[in-house]
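A.B. asks:
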Amino acid sequence: MAVEIVTFGCRLNAFEAEVMRREAEGAGLNDTIVINSCAVTNEAVAQARQSIRKLKRERPGARIVVTGCAAQTQAAMFADMAEVDRVVGNDDKMRREAWRETRDAFDLGASEKIAVSDIMAVKEMAPHLIDGFASGLPRVFVQVQNGCDHRCTFCIIPYGRGNSRSVPMGAVVEQVRNLAQRGHAEIVLTGVDLTSYGTDLPGAPKLGLLTKQILRHVPELQRLRISSIDSIEADNDLLDAISDDARLMPHLHLSLQSGDDMILKRMKRRHSRQDALRFCEQVRRLRPDVVFGADIIAGFPTETAEMFSRSLDLVEECGLTFLHVFPYSPRPGTPAARMPQVAGGAIKERARRLRAAGETALRKRLQAEIGATRGVLIESEGQGRTEHYLPVAIAGERVGSVVPLRIAGSDGERLIA
Numbered sequence: 014m015a016v017e018i019v020t021f022g023c024r025l026n027a028f029e030a031e032v033m034r035r036e037a038e039g040a041g042l043n044d045t046i047v048i049n050s051c052a053v054t055n056e057a058v059a060q061a062r063q064s065i066r067k068l069k070r071e072r073p074g075a076r077i078v079v080t081g082c083a084a085q086t087q088a089a090m091f092a093d094m095a096e097v098d099r100v101v102g103n104d105d106k107m108r109r110e111a112w113r114e115t116r117d118a119f120d121l122g123a124s125e126k127i128a129v130s131d132i133m134a135v136k137e138m139a140p141h142l143i144d145g146f147a148s149g150l151p152r153v154f155v156q157v158q159n160g161c162d163h164r165c166t167f168c169i170i171p172y173g174r175g176n177s178r179s180v181p182m183g184a185v186v187e188q189v190r191n192l193a194q195r196g197h198a199e200i201v202l203t204g205v206d207l208t209s210y211g212t213d214l215p216g217a218p219k220l221g222l223l224t225k226q227i228l229r230h231v232p233e234l235q236r237l238r239i240s241s242i243d244s245i246e247a248d249n250d251l252l253d254a255i256s257d258d259a260r261l262m263p264h265l266h267l268s269l270q271s272g273d274d275m276i277l278k279r280m281k282r283r284h285s286r287q288d289a290l291r292f293c294e295q296v297r298r299l300r301p302d303v304v305f306g307a308d309i310i311a312g313f314p315t316e317t318a319e320m321f322s323r324s325l326d327l328v329e330e331c332g333l334t335f336l337h338v339f340p341y342s343p344r345p346g347t348p349a350a351r352m353p354q355v356a357g358g359a360i361k362e363r364a365r366r367l368r369a370a371g372e373t374a375l376r377k378r379l380q381a382e383i384g385a386t387r388g389v390l391i392e393s394e395g396q397g398r399t400e401h402y403l404p405v406a407i408a409g410e411r412v413g414s415v416v417p418l419r420i421a422g423s424d425g426e427r428l429i430a
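Residues in the sequence shown are numbered from 14 upward in steps of one, following this note's numbering.
1) Which same chain residues end up closer than 8 angstroms to Arg297 when comparing Cβ atoms and leaving out the 5 residues on each side of it in sequence?
2) How about the stretch 123 to 143 and the stretch 15 to 25: do they share at least three Cβ pairs that are nearer than 8 angstroms?
3) Return the bridge partner residues of Val78 from the DSSP annotation.
4) Can you name, in chain order, every residue of its own chain whose Cβ lies under 7 angstroms from the Cβ of Ala27, other than the five neighbours on each side?
5) Starting from Pro417, follow its DSSP beta bridges and name the residues at the other end.
6) Could you spell out where the alpha helix (DSSP H) holding Ile276 opens and where it closes?
7) Put Gln226 into one of helix, strand or coil per three-state DSSP.
8) Could you give the C-beta distance for Ala370 and Val416, rounded to a whole number, given that I count them as a contact under 8 angstroms?
9) Which of the three DSSP states is assigned to Ile255 in this structure?
10) Sort Val135, Tyr210, Arg34 by Cα distance to Asn43 and report the nearest one.
11) Out of curiosity, what's the CA-to-CA distance linking Arg368 and Thr80?
12) Please report the distance separating the alpha-carbon of Lys377 from that of Ser240.
13) Given Pro348, which residues of its chain have a CB within under 7 angstroms of its CB, disregarding the five upstream and five downstream residues?
14) To the nearest angstrom, how far is it from the Cα of Ile200 to the Cα of Leu237?
15) With a threshold of 16 other CB atoms inside 10 Å of the CB of Thr45, please say whether the residue is buried or exposed.
16) Using 10 angstroms around the beta-carbon of Pro263, count the other beta-carbons present and answer buried if the total reaches 16, otherwise exposed.
17) Would a C-beta distance cut-off of 7 angstroms place Tyr210 and Val135 closer than the cut-off?
18) Please work out which residues of its chain come closer than 7 angstroms, Cβ to Cβ, to Val54, disregarding the five sequence neighbours upstream and downstream, and give them in chain order.
19) Which one of Gly272, Gly409, Pro215 has the shortest CA to CA distance from Gln396?
20) Once you ignore the five residues that flank Met182 on each side, which residues in its own chain have a CB closer than 7 angstroms to its CB?
21) Using beta-carbon positions only, say whether Val231 and Arg190 come within less than 7 angstroms of one another.
22) Can you check which of these residues, Gly122, Pro301, Ile429, Ala247, is closest to His284 by C-alpha distance?
23) Label Gly160 either buried or exposed according to how many other C-beta atoms from any shown protein chain fall within 10 Å of its C-beta, with 16 as the threshold for buried.
24) What are the start and end residues of each continuous beta strand (DSSP E) run of 3 or more residues lying completely inside the stretch 293 to 353, in chain order?
25) Is the CB-CB distance between Leu390 and Leu428 below 7 angstroms?
26) Hey, how far is the Cα of Phe91 from the Cα of Gln270?
27) Are the Cβ atoms of Met320 and Ile360 separated by less than 7 angstroms?
28) According to DSSP, which residues form a beta bridge with Gly409?
29) Roughly how many angstroms separate the alpha carbons of Gly196 and Ala356, rounded to a whole number?
30) Do Ile65 and Glu96 have their beta-carbon atoms positioned less than 7 angstroms apart in this structure?
31) Can you tell me where the alpha helix (DSSP H) holding Arg62 begins and where it ends?
32) Mind checking which residues open and close the alpha helix (DSSP H) that includes Glu17?
33) Work out the CA separation of Ala385 and Arg76 for me, nearest whole Å.
34) Under a three-way DSSP split, which group does Arg108 fall into?
35) Within the stretch 146 to 209, note down every full alpha helix (DSSP H) run reaching 4 residues or more, in order along the chain.
36) How is Gly422 classed by DSSP in three states: helix, strand or coil?
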């Protein structure tokens, strides 16, 4: 390909990668590698830097452009790398004009590397209609929201993404219909702060209404999935959709971060431990077979062993199946970076214990599935996922189809159908 996109981080980046490929190639770029970076942890930034050096060794003649959240927040650092030819801002990366300017800069041999605008000045979100994904995957992502108005003390992402802004409902429905008609069986709605969807739009529609509109107006869509949500912002329409429409998958990933109320306050989260428990109980009443995942941070500043134990207990008390465990790492410029830090060894040990609890919970759920018949989306040869996002080993089914299969067993990491 004339333009190769290397994506790190969130599902939102996966959608944006397809837009960038189209716009960069449309601008006439060739032999160019675009690093779509993530800034959520120090490790994510380090991975981007390592990838840049490796790719330059493998393809010394290619131009390397860095964009994404880490490029937005640490542009000068990337520009100082000899391997990097251009740094493009997180809003700029979605515009063909920015890629034309990049092409011109390459052609003219311009010395200035940084093309990063003020992300906080961006107030609207232009819809981007894409025809399909280069990967041809049966599960694809649709961006409905970007940015975040909240300021959690550990998080640098609002400074990489800007303030919350939403894609109008009509444009989202059109994008979902377009992808469904092209054979993508499952659509995942994604955003930075997904449950804040619509606050900037006329009439302030919420995520639940958007979900209902998609299900109502795209009858050909087989499966709709919602990515990470802030449970405290879940509205009644969203709960209704979870309860009433089988095409909305019974799998929710929650941004919980901690199970201790004091740590949640120091994080500036807007929910309490009891709020998390209550939400999981409420959704389970509406959809008894629902599966929950969650993000949890290990070793947030000032976290004691007792505070950590409450996060560990939350895995069982909320009935979590999938855990994304983040060992805390201080992000420069965030309030948490100035708080008393937990020792690195303790952070690693707490992360290990959380991951072990997550592995135990997943094995328990896999074992409970044996004997059930599930609708399995065939993602690739030999691999699929159930409605609950559980991985399944299969054989002989057509990639892209949704097939009812009986679960015969489990190897501890995935189901066997």
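In this text, a Cβ means the ideal position worked out from N, Cα and C, and glycines have one as well.
C.D. replies: In terms of the structure at hand:
1) Excluding its 5 nearest sequence neighbours in each direction, Arg297 has C-beta neighbours in its own chain below 8 angstroms: Val303, Gly332, listed in chain order.
2) At 8 angstroms Cβ cutoff, the stretches do not touch.
3) Checking the DSSP bridge columns, you'll see Val78 partnered with Val47, Arg99.
4) Taken in chain order, the residues that qualify are Thr20, Phe154.
5) The beta-bridge partner set that DSSP reports for Pro417 consists of Gly388.
6) Boundaries of the alpha helix (DSSP H) around Ile276: 274 to 280.
7) Helix at Gln226.
8) Actually they do not touch by this definition, with Cβ atoms about 32 angstroms apart.
9) Secondary structure at Ile255: helix, using DSSP grouped into helix, strand and coil.
10) Nearest in C-alpha terms to Asn43, of all of Val135, Tyr210, Arg34, is Arg34.
11) Thr80 has its alpha-carbon roughly 31 angstroms from the corresponding atom of Arg368.
12) Each residue's alpha carbon lies about 23 angstroms from the other.
13) Thr166.
14) Roughly 5 angstroms between the two C-alpha positions.
15) Taking all protein chains shown into account, Thr45 has 16 or more neighbouring C-beta atoms within 10 Å of its C-beta and is therefore buried.
16) Taking all protein chains shown into account, Pro263 has 16 or more neighbouring C-beta atoms within 10 Å of its C-beta and is therefore buried.
17) Contact annotation: Tyr210 and Val135 have beta-carbon atoms that are not nearer than 7 angstroms.
18) The sequence given here places Thr at residue 54; Val does not occur at that position. Result list for Thr54: Phe339, Ser342, in chain order.
19) Cα-wise, what sits closest to Gln396 is Gly409.
20) Taken in chain order, the residues that qualify are Pro218, Leu223, Gln226.
21) Yes.
22) Measuring from the Cα of His284, the nearest candidate turns out to be Ala247.
23) Burial call: buried.
24) Within the stretch 293 to 353, the beta strand (DSSP E) runs of at least 3 residues that lie entirely inside it are, in chain order, 304 to 311, 333 to 340.
25) No, Cβ-Cβ distance for Leu390 and Leu428 is not below 7 angstroms.
26) For Phe91 and Gln270, the gap between their C-alpha atoms comes out near 29 angstroms.
27) No, the Cβ-Cβ distance between Met320 and Ile360 is not below 7 angstroms.
28) According to DSSP, Gly409 bridges with nothing at all.
29) Roughly 50 angstroms between the two C-alpha positions.
30) Against a cut-off of 7 angstroms, the Cβ pair of Ile65 and Glu96 comes out as a contact.
31) Counting along the chain, the alpha helix (DSSP H) containing Arg62 begins and ends at 55 to 71.
32) Looking at the DSSP string, Glu17 is not in any alpha helix (DSSP H); the run it does join, the beta strand (DSSP E), is 16 to 20.
33) Annotation: Arg76 to Ala385 spans about 51 angstroms, alpha carbon to alpha carbon.
34) If DSSP states are grouped into helix, strand and coil, Arg108 belongs with coil.
35) Listed in chain order, the complete alpha helix (DSSP H) runs (minimum 4 residues) inside the stretch 146 to 209 are 170 to 174, 182 to 194.
36) DSSP places Gly422 in strand when its eight states are reduced to three.
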